[in-house]
Amino acid sequence: RAALRERVEAGRDDPRCVLLDDAGLCRVYEARPTICRSHGLPVRVDGARDVCPLNFAGDGPGLDEVAEDCVLDLEHVDSVVGLVDRLAGGDPLARVDLFDGVAAVLAELDPGPIGEESG
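Residue numbering for the sequence shown follows my numbering, starting at 151 and increasing by one per position.
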């Protein structure tokens, strides 16, 4: 707790998450959650771009100048998170194979073998 308290106090001058260690690794989770990884990136919400204004302050490029493929579409992220939750059967600690999961979803959409064109 003392180390975290120290980090919080030091964090007033450091914009990084107070839960990251000096190497940039999360102190709470073995793998940083998606929301943490995406924080600060330009995102698309309901078709509009948004971003933390602190990331686009100064003389750098503006949000409108960021290439489309560099904007994180939150609808796509939500779809993947929903798929993972569905594959995990509601178990928040379950590990799932995304390749098998995507194959299962594709099979539901088109019951033919993957790679075979539907007609």
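Where is the CB? At the ideal position from N, CA and C, for every residue including glycine.
| task | Can you say whether G174 is buried or exposed, counting buried as having 16 or more other CB atoms within 10 angstroms of its CB? | result | Here G174 is exposed: its Cβ has fewer than 16 other Cβ atoms, across all protein chains shown, within 10 Å.
| So what's R167 in DSSP terms, helix, strand or just coil? | Contrary to the premise, residue 167 reads as Cys rather than Arg in this sequence. Reduced to three states, the DSSP call for C167 is coil.
| field | Environment of P211 [buried if 16+ CB atoms lie within 10 Å] | value | Classification for P211: exposed.
| task | Give a yes or no on contact between the stretch 244 to 251 and the stretch 211 to 221, applying the rule of three or more CB pairs nearer than 8 Å. | result | They do not touch, by the three-pair rule.
| Spatial distance of L169 from V255 (CA atoms) | Using only the alpha carbons, I get a separation of about 35 Å.
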